[in-house]
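Take the position in the sequence shown, starting the count at 1, then add 1333; the result is the number in our numbering. Read the structure below first, then the notes.
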Amino acid sequence: MNYELAKQTPFLELRDGNRLPQVGFGTYKLRGAAGVNTIQQALNNGYRALDTAVNYENEGSVGAAIRRSSLAREELFISSKLPGRHHQYQEALTEIQESLYRMQLDYFELYLIHWPNPLKDQYVEAWQALIDAQRFGLVRSIGVSNFLPEHLQRLEKETGVLPVVDQIELHPYWSQPKQLSFDREHGIVTQAWSPLGRANAVLKDPLIKKIAVAHNKTIPQIILRWETQLGAAVIPKSSSTSRQIQNLTLFDFELSAAEVTAISSLDKDNGRTNNQNPAVYQEF
Ligand SMILES: NC(=O)c1ccc[n+]([C@@H]2O[C@H](COP(=O)([O-])OP(=O)(O)OC[C@H]3O[C@@H](n4cnc5c(N)ncnc54)[C@H](OP(=O)(O)O)[C@@H]3O)[C@@H](O)[C@H]2O)c1
């Protein structure tokens, strides 16, 4: 059990008084017995925050990995996400309870609305359910994922409550400067999904490679450090124990302001990995 790497991971303060580990472990595609082993390995390697979702169909595996680890519940930060098909108020509350039963947990540290699905337009109702789930003690912190400023503003206007976290696609080819500023100005912590661009061409980018050589680090470490220096939390996924450790070893070096700016300049107009624009993309 690597307590050293766990201790080196900073926490980001959430507006509700809770704390989010700045580096967590993404679990998308990790399922079944192999998934349980990989997630358990990540906990052994020092990850304390695990990101799952109803739609990953692996809440069972994540729960099993937690039970197999020797870690106390208070050491962990577990989050899941509400799918688009359950935005209706009562269904949303029931689904949060079902998530807990699947994981065999009594509460979540964080629960997110996975996508706003603005064409369906029920995300305010779903948000009211998360507000109440927090009140009932099912979740400690409530947030959203893939919400644009217009969606966040509507939540505030109609419920008076802003999310404490917005989990969004963020990597050097899609660096989201406007969303980051909006989140910062509103006290919302940005959490980066696909922080390594799901291993696309960014892992071979020549500019990032040059910076990596200068720091004697790998390209993924430079990318994750850049994201953390922008103030974001990150949730890289890896099925390899050495890459899991690499992705958590980020706080023994620092990028200069010029290096941060240089990586930010790699942003592309069409840099999304999968062309999922939350203004129109819907996922149920
Ligand atoms: N909210 C949302 O809508 C949303 C959407 C997508 C993802 N997510 C969350 O974000 C998490 C992370 O995103 P992601 O899984 O899409 O992509 P990612 O973490 O950006 O990239 C994962 C890929 O990078 C490879 N990789 C990881 N570390 C590496 C390293 N050090 N060197 C080389 N290759 C490395 C992995 O391969 P190996 O496994 O072989 O190491 C895997 O192919 C997900 O697991 C999920 O929890 C949320």
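Ideal placement from N, C-alpha and C gives every residue a C-beta, glycine not left out. These numbers were taken from a predicted model, which means no experiment stands behind them.
{"Item": "Closest Cα partner of GLN1467 within the set LEU1353, LEU1443, ARG1406", "Value": "LEU1443"}
{"Item": "Touching by the beta-carbon criterion (3+ pairs, under 8 Å), the stretch 1563-1576 and the stretch 1508-1526", "Value": "yes"}
{"Item": "LEU1415 versus PRO1449, ILE1541, ARG1558, ARG1406, residue with shortest Cα-Cα distance", "Value": "PRO1449"}
{"Item": "7 Å CB neighbourhood of TYR1422 in its chain, flanking five on each side removed", "Value": "GLU1458, GLN1461, ALA1462"}
{"Item": "VAL1369 and ALA1397 closer than 8 Å at C-beta", "Value": "yes"}
{"Item": "TYR1361 Cβ short of 7 Å to ligand 2 heavy atom set", "Value": "No copy of ligand 2 occurs in the structure displayed; its ligands are ligand 1 alone."}
{"Item": "Under 8 Å between C-beta atoms of LEU1481 and PRO1343", "Value": "no"}
{"Item": "Ligand 1 heavy atom lying under 7 Å from the CB of ASN1580", "Value": "yes"}
{"Item": "Contact test: LYS1570 Cβ vs ligand 1 heavy atom, cutoff 7 Å", "Value": "yes"}
{"Item": "Between the CA atoms of THR1360 and ILE1578 - distance to the nearest angstrom", "Value": "15 Å"}
{"Item": "Inter-residue Cα distance where the pair is LEU1557 and PHE1469", "Value": "35 Å"}
{"Item": "Alpha carbon of LEU1540 to alpha carbon of LEU1438, nearest angstrom", "Value": "44 Å"}
{"Item": "Extent of the continuous alpha helix (DSSP H) to which ARG1487 belongs", "Value": "1482-1492"}
{"Item": "Close Cβ partners of GLU1337 (< 8 Å) along its chain, the five nearest in sequence each way excluded", "Value": "GLY1379"}
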